[in-house]
Structure formats: structure tokens, C-alpha cells
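Undergrad: Residue numbers (the working numbering): 52 to 328.
Here a beta-carbon is modelled for each residue, glycine too, at the ideal position from N, C-alpha and C.
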């Protein structure tokens, strides 16, 4: 979490209307972007988290509306719609342009919260559709609920060799059922959900509602300060493990831990000032 990418290029920041209903609400927007880091030979897809109360309400007021995911499992319609509208809104074209320009590069897929959910779904979709070798896909998300769609979609659609896909999410919520979680494990072998201490978002969508977390969880049972990052965490390599953040009583989860991942501010030579907060 302390590195800047200098030898890199960025395609576009895609922002689309992802309101899944026909109404007068105009501020339900979803976003993602594509970049290339040449020093690491990696293409990066990243997705933005929730923006505003209207989007938040639509996410959580409609968890009972679900759709089939290509290749297996059932997922939240809102999260699937969030990913697919960004994908079809320009992200797919930028991703394919990068893939064709830099064959053999790994695919890193990441996002925070809602963005983590979209990232996980996307990576799986790309792998399933043969866009990328799953072994080259890496998924990393922050504050992700039970969803992880982007990486899953990418792997599912076989856009990429699964061996080249890496998925890491932060604060990811649950987004699909157990069958979908199993597909994530198959299509994106390198998949990790980072959870900060008592973050409530990974638990706000419940198993009782038919949702299930994919593996693997990296749980920082601390404040994620300089003396803990990178070494003081627990890794749980199973779905819904009782040994990571699931071990906490439901009454102890708090929103504050969702808003503070790693507590770093990055300033890079090219003028990038990125705050994870």
C-alpha cells in the first residue's frame, strides 16, 4: 500500500448512470477505469465505491431482487447492473485495447466497498468468457460486501487466462449465493478480501438473506497502522470462515472501520494524490 506506479498509463474514467429503475433519480452513478503498469507488467481495472444516499438506499432496499450470473449462481441485481453498465459503458473497450496491446500482462482487479463488489464480479466474468487466463487475474477489494462481481465476470466470460487474474478487494459486501462464491474460487484462484477490524459492510448483507462470501479473507483485527500493516493479520482460506471477521458478535460491527483502510495518503511524482479513507 505504499508504492506509486510511475511507468504507467491510464485510459479513461468511465462514469455511467446505473439506476436500475425508471424514475427521476439522477445521481445513482457507477464508475471504473483501466490503467497499465509496465514495471509490473499488469493491466489494472479499478471500481469506485458508493456515492450518495440515493445509491446507498437502492443497494440495500433491493437485496431481494436477484439475477442469474453467467456460468452459475445467483447475485444481487443491483450489483450486477452496476458492473455491467460500467463494462458496457466503455470499460470493456478500454480493457480489450490494453489486453491486445500488452499480451501476457497480469490483470489486477480492485475496488473499495461497492467498487470491491463490482471488481470481484468483473474478474470472474472475464475469466469465464475466456478474455484472460484466470491464473493471471488478481482481485483486491476494500470494504467489499458479499459480491465481488467484476473479477468473477471477467474470468467467467473467459476474456483472460485465469492464471493471470488477481483480485483483491477492500470492505467487500456479500453479493451472491454460495454457488456464485464457489464460481469465484474456481474462476479466480487468486482472490482476497481485505477486511478492516469491525468493518460492518462485509456483514451488512447477511447469510440469512441468501448471500455468501467467497474466499479468501485477510482480516486486520487492529487499527491498520504502520506497525501492523503487512504482518499483523489473519488469513482465512475458506468461505465464511468462523476464524476471521465472522467471529465477532453482530452487535460489534461499526461503520468507522469501513471508512479507514490503511490510513495512508500517497503522493506520487506525477501529481497523483490518492487518499484511502
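Assuming residue 143 is part of the alpha helix (DSSP H), what are its boundary residues?
TA: Run containing residue 143: 143–152, per the alpha helix (DSSP H) assignment.
Undergrad: Assuming residue 216 and residue 244 are in contact, meaning their beta carbons sit under 8 angstroms apart, how far apart are those beta carbons, in whole angstroms?
TA: At roughly 15 angstroms, the Cβ-Cβ gap does not stay under 8 angstroms, so residue 216 and residue 244 are not in contact.
Undergrad: One question on the structure: do residue 156 and residue 65 come within less than 8 angstroms of each other, judged by their Cβ atoms?
TA: no
Undergrad: Answer yes if the segment 102–120 comes into contact with the segment 74–86, meaning at least three C-beta pairs across the two stretches below 8 angstroms, and no otherwise.
TA: yes
Undergrad: Use the C-beta contact count for residue 127: other C-beta atoms within 10 angstroms, 16 or more gives buried, fewer gives exposed.
TA: buried
Undergrad: For residue 120, which residues from the same chain have a beta carbon less than 6 angstroms from its beta carbon, with the 5 sequence-adjacent residues on both sides left out?
TA: 126 and 231
Undergrad: The beta strand (DSSP E) that contains residue 214, what's its start and end?
TA: Here the beta strand (DSSP E) through residue 214 covers 214–225.
Undergrad: Using a threshold of 8 angstroms, state whether the C-beta atoms of residue 163 and residue 221 are closer than that.
TA: yes
Undergrad: Residue 110 by DSSP, collapsed to three states: which one?
TA: helix
Undergrad: Which value, in whole angstroms, describes the spacing of the CA atoms of residue 271 and residue 250?
TA: 10 angstroms
Undergrad: Tell me whether residue 239 is buried or exposed, calling it buried when 16 or more other Cβ atoms sit within 10 Å of its Cβ.
TA: buried
Undergrad: Taking only the alpha-carbon atoms, compute the straight-line gap between residue 327 and residue 275 and give it to the nearest angstrom.
TA: Bear in mind that a pLDDT of 34 at residue 327, under 50, signals an unreliable position, so the model cannot answer this.
Undergrad: For a test of the three-state rule: what should DSSP assign to residue 176, helix, strand or coil?
TA: helix
Undergrad: Please report the straight-line C-alpha distance between residue 122 and residue 237, rounded to a whole angstrom.
TA: 11 angstroms
Undergrad: The beta strand (DSSP E) spanning residue 67 covers which residue range?
TA: 59–68
Undergrad: Which parts of the segment 224–250 are runs of the beta strand (DSSP E), unbroken and 3 residues or longer, counting only runs that do not cross its ends?
TA: 241–247
Undergrad: Specify the secondary structure class of residue 268 as computed by DSSP and reduced to three states.
TA: In the structure shown, residue 268 sits in a strand (DSSP, three-state: E or B).
Undergrad: Using 8 angstroms as the threshold, is the C-beta distance between residue 291 and residue 258 below it?
TA: yes
Undergrad: Could you tell me if residue 124 is buried or exposed, where buried requires 16 or more neighbouring beta carbons within 10 angstroms of its beta carbon?
TA: Buried.
Undergrad: Might you give, ordered along the chain, the residues of its own chain that have their beta carbon closer than 7 angstroms to the beta carbon of residue 141, omitting 5 neighbours on each side?
TA: A distance below 7 angstroms between beta-carbons, with the five flanking residues on each side excluded, links residue 141 to the following residues of its chain, in chain order: 63 and 65.
Undergrad: Taking Cβ positions, are residue 265 and residue 304 nearer each other than 8 angstroms?
TA: no
Undergrad: Given this structure, state the Cα-to-Cα distance separating residue 174 from residue 130, to the nearest angstrom.
TA: 14 angstroms
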